[in-house]
Amino acid sequence: MVTQRTVVVVGHGMVGHRFVEALRARDEAGEWRVVVLGEETDGAYDRVGLSSYVGTWDRAGLALAGNDYAGDPLVELRLGVRVTGIDRAARTVATADGPIAYDALVLATGSYAFVPPVPGHDLPGCHVYRTLDDLDALRADADAALASTAEPVGMVVGGGLLGLEAANALRSLGLRPHVVEVNPRLMPQQVDTGGGEHLARMIGDLGIDITLSSGTTDISPGEHGLAVTLKDETVVNAAVVVFAAGVRPRDELAREAGLTVGERGGVITDLGCATSDPAVFAIGEVAAIEGRCYGLVGPGYATAEVVADRLLGGDAQFPGADLSTKLKLLGVDVASFGDALGTTPGALDVVVSDPIGGTYAKLVLSDDASTLLGGVLVGDASQYGVLRPLVGSSLPGDPVSLIAPAGDGSPGIGVGALPDAAQVCSCNDVSKGTLCSAIAEGACTVADLKGCTNAGTSCGSCVPLLSQLLEAEGVTVSKSLCEHFTQSRAELFELVQASGIRTFSGLIERFGSGTGCDLCKPTVASILASTSSDHILSGEQASLQDSNDHFLANIQRNGTYSVVPRMPGGDVTAEQLIVIGEIARDFGLYTKITGGQRIDMFGATVDQLPLIWRRLVDAGMESGQAYGKSLRTVKSCVGSDWCRYGQQDSVQMAIDLELRYRGLRSPHKIKMGVSGCARECAEARGKDVGVIATESGWNLYVGGNGGMTPKHAQLLAGDLDRETLITYVDRFLMYYIRTADRLQRTAPWVESLDGGMDRLREVVIDDALGLNADFEATVERHVDGYGCEWKGVLDDPDKLARFVSFVNAPGAPDPTVDFGEKNGRKVPILLGTPTPSMPPKKEKA
């Protein structure tokens, strides 16, 4: 029998959460019970992505997956709990709720923002940039400043990585940022003098004021909030001041408990992350491993893995840290790796500076120019993925050619030049050899590699390298739609548009071969429907449809069909509800409220469908297209009309969106949601298109899907007015419809884009392809040409003729269908085989 012990984790940040996950994944016998104490009221969230909170104000969007440990009886999470002391002799930690005993204690307390002791640093309007609460407070002061000042200034003390992120946040809040840095260059820990000059020039061009080799000497109440005196006695009137002058380890608990701490702070540990008390471990930023603290998430995760292994009897040691960084600051690529500042004795610098093109690149080489030691990239960091893993190795070519600006004919290098030992993913310590082994064992997509190695699942900077590695290893995924078309779906879409061909036979005769199959026929049918308003059952198109579109209804497991009238945004009249109820009663249908705020009626036979739809159409209802690869529903909450928390009219927005995009055919089904506030009652972030109301407009999220691999939608743009929102949705949908693969939903499509969300923003917002006018015009043509597909059937005798069952025509009951009861509910019983009038089912609805 296993004797269960308790490990208490103080701190529920990214590293603390990683430790809990690592321990629970390894502890199959349940040796350890875990108690997690978090001082913040929010569970573990992505602090690296803290700046993305600005504009969305969506705390849930930053939450780390599984941070509530729901369903795990061996993990107890207590949020909003501050640990006030450690009794090492009794092995307890003190909290306001009383002491908690431990067998092992893990300090994951992280760090705090350093505030220089400048007179006035604690005045109202002074902030740090560390937590979600910090950003909420900053937003409140910024909003107040905007209400009273024409162009309020936001002062940032510190020009490092965090300072530039804070400057971007202030700009997003409507303030004019002014960055003050005591060093003669920005980001002094990451870039050299030349790189800093380029960075300052590019950021200055964005309208951000920069003062270098200076600092603040006094802060006092001023004309627009605060008067900030700089080192040269210049006074800047600022609405807010943000201190981003570095961080310090939160080691106060360890100090008070008598644990050994470093001269510059941090809890001293050995390579096993054990402190001077063998029952106490330190991980993440608070850990001074053999005297050194590491402020990046990658080394923090490594410490979490080490302690998880040690608690289960292992002997893992801290493997060292890769302090390389790659990021985009204010739209400017910045990367540094290895000995970026050239501190190695005898190091040589190879520099390519292009101030006109806005790029700067430096490689640091050994004294014999044979070994890469490090580098700096500003403006273009595209070579970072292959250069960083080469640190410590011989260069595969001429150094200048490796960093020359793109387009000058230089070949650069590829992933094939990396040795197997090269670390491709530094966050999760995944080597090229590990990835190659995974590919050899059958991984053939980036998603496969992520799933089996964890590469690319943290910061994501190595994801482009994963794609290159698949290609280098000879993994080629054919773009051919099927044996009859060598083109991909996106290519066929362009061919249809360019050629004007409106039939499958015409398309396959000119661009394909053979007679077609169950893959290409529905795909071409969808493309034809996406590029015109012709009825999908008109002419040759009718024979191309799959089983659901063939009868404009979803086939069920017993061969009957469902009937789903549209209810835009969940809006329905009492008269329509009465008609639905009468139909369900008269035809003996089972009714259910769907997850998309509609009423589904189950159990209709083919010959009953026109009779049912005649009554629905006469009642003013139309096809809900629950059968099609098209817009299904736009779910909404009750919004500002009824809800006391509602900030915008979410119901009307949902109705407008549903009526605009109803009937729009696409590679896969599309679902949308509109929430009237951040409480998210419409679950908009689980939809392909999600809209969430803010005080000043709407946030637009895209790429959320349910299914086998649920995905949260990601923010595309924030605080949009109605017209801009709809314009962006138009562009997003048409870009997706034109370029996605067959049966590819929006989440994997966004992930497959080279550049992901950044690329999507370039296309949708910045018109990188020059196609936005065409996208918008296409949607307008769809809106103008829309017609209810079921009304089109009812008005056409030729189309109606297909809704007669050969077995039970006309009007006799279908002998293959019967119903029973289960827990008081009507359920289908399959007695025989589907009626001969039903085509074989070709794909899942």
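Letter 655 of the sequence shown, counting from 1, is numbered 655 in full-length UniProt numbering, and no numbers are missing.
The beta carbon of each residue, even a glycine, is placed where N, CA and C say it ideally should be.
- The beta carbon of Ser431 sits closer than 8 Å to those of Asp420, Ala421, Ala422, Gln423, Val424, all from its chain and outside the five residues before and after it, given in chain order.
- Nearest neighbour of Gly697 by Cα position, chosen from Pro710, Gly704, Asp719, turns out to be Asp719.
- With contacts defined by Cβ atoms closer than 8 Å, Phe485 and Arg738 do not form a contacting pair.
- One Cα belongs to Asp134, the other to Val242, and the distance between them is close to 10 Å.
- Val54 and Glu285 have their C-alpha atoms spaced approximately 24 Å apart.
- Measuring C-alpha to C-alpha distances from Phe281 to each of Val306, Gly298, Met155, Val297 identifies Val306 as the nearest.
- Taking a contact to require three or more Cβ pairs closer than 8 Å, the segment 77-94 and the segment 168-177 do not qualify as touching.
- A buried status is given to Ile208, since no fewer than 16 other beta-carbon atoms sit within 10 Å of its beta-carbon.
- If you ignore the 5 residues before and after Leu544, its C-beta comes within less than 6 Å of the C-beta of Phe504, Lys521, Ala525, all in its own chain and listed in chain order.
- Counting C-beta atoms within 10 angstroms of its own C-beta, Ala239 has 16 or more neighbours from the protein chains shown and is therefore classed as buried.
- Its chain contains Val702, Val764 as the residues whose beta carbon lies nearer than 6 Å to that of Phe732, once the 5 sequence neighbours on both sides are disregarded; these appear in chain order.
- By the criterion of a C-beta distance shorter than 8 Å, Leu226 is surrounded in its chain by Gly120, Leu123, Gly125, Cys126, Met155, Ile219, Ser220, Asn237, Ala238, Ala239, Val240, Val241, once the five residues flanking it on both sides are discounted.
- Taking the Cα of Val779 as reference, the smallest distance to any Cα among Ala529, Val793, Asp380 is reached at Ala529.
- Boundaries for Leu769: no beta strand (DSSP E) harbours it, and the DSSP string shows neither H nor E there.
- Considered as a whole, the segment 57-106 harbours 59-62 as its complete alpha helix (DSSP H) runs of no fewer than 4 residues, in chain order.
- A contact is defined here as three or more CB-CB pairs under 8 Å, and the segment 533-542 fails this definition with respect to the segment 603-619.
- Separation of Gly569 and Glu789 (C-alpha to C-alpha, rounded to the nearest whole angstrom) is 19 Å.
- Under the three-state reduction of DSSP, Pro124 is assigned to coil, being neither helix nor strand.
- A straight line joining the alpha-carbon of Asp766 with that of Glu290 spans about 49 Å.
- Contact between Leu387 and Phe337 holds, with the beta-carbon distance rounding to 7 Å and staying under 8 Å.
- Under a 10 Å Cβ-count criterion, Trp613 is classified as buried, with 16 or more other Cβ atoms of the shown protein chains found around its own Cβ.
- In the same chain as Cys517, and ignoring 5 residues on each side of it, the C-beta atoms closer than 8 Å to its own belong to Cys482, Glu483, His484, in chain order.
- Between the segment 345-352 and the segment 363-374 there are three or more inter-stretch CB-CB distances shorter than 8 Å, so the stretches are counted as touching.
- Between Ala682 and Ser630 the beta-carbon gap is near 20 Å, outside 8 Å, which marks them as no contact.
- Among the bridge pairs identified by DSSP, Ala693 is matched with Trp698.
- Taking 8 Å as the cut-off, the beta carbon of Ile580 is found closer than this to the beta carbon of Ile599.
- When beta bridges are read from the DSSP output, Ile593 appears opposite Ile599.
- In the three-state scheme derived from DSSP, where H, G and I count as helix and E and B as strand, Asp209 is classed as strand.
- Under DSSP, Phe551 takes part in no beta bridge, so it has no partner.
- The closest CA to that of Glu233, considering only Arg248, His224, Thr216, Gly222, is found on Thr216.
- Val35 sits buried, since 16 or more C-beta atoms from the chains shown fall within 10 Å of its C-beta.
- Distance between Ala321 and Pro299, taken at the CA atoms: about 5 Å.
- A direct Cα-to-Cα measurement between Lys669 and Gly690 gives close to 15 Å.
- DSSP, reduced to helix, strand and coil, places Gln714 within a strand of the structure shown.
- In the structure shown, Lys791 falls within a helical segment according to DSSP collapsed to helix, strand and coil.
- Annotation for Asn237: no alpha helix (DSSP H) segment contains it, though the beta strand (DSSP E) segment containing it runs 235-238.
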